[in-house]
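Comments concern the structure below.
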Amino acid sequence: MGHWEDRIYEIHHELTEHGLMKKFHSKLEEMEMQDHHRYKDTRERWIYAHDKIMEIFNNKNKKKV
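Residue numbers (our numbering): 28 to 92.
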């Protein structure tokens, strides 16, 4: 696999592991409505959505501890 395929696999694996796929897909749908994401390709959208979802997830877990 190439670099991008590995990254997409890692994103999918991490989100599935934490049960965040539903939130991830919701974030992707939200991004479709926003002009500043209009010209991003699929890789860029996936990476951006993943980073945002994981940031929220990690912040919630830090508060619990």
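Where a beta carbon is used, it is the ideal one built from N, C-alpha and C, also for glycine.
Quantities reported herein were computed from a predicted structural model and do not represent experimental measurements.
Check	Outcome
By a C-beta neighbour count over all protein chains shown, 10 Å radius and 16 as the cutoff for buried, is residue 73 buried or exposed?	buried
How far does the alpha helix (DSSP H) with residue 63 in it reach, from first residue to last?	Premise fails: residue 63 is in no alpha helix (DSSP H) and is neither H nor E.
With three or more beta-carbon pairs closer than 8 Å as the criterion, would you say the region 80-88 touches the region 56-65?	no
Mind reading off the beta-carbon distance from residue 77 to residue 42? Whole number of angstroms is fine, and I expect it under 8 Å.	7 Å
Which residues in the same chain as residue 31 place their Cβ atom closer than 7 Å to its Cβ, once the five residues preceding and following it in sequence are excluded?	70
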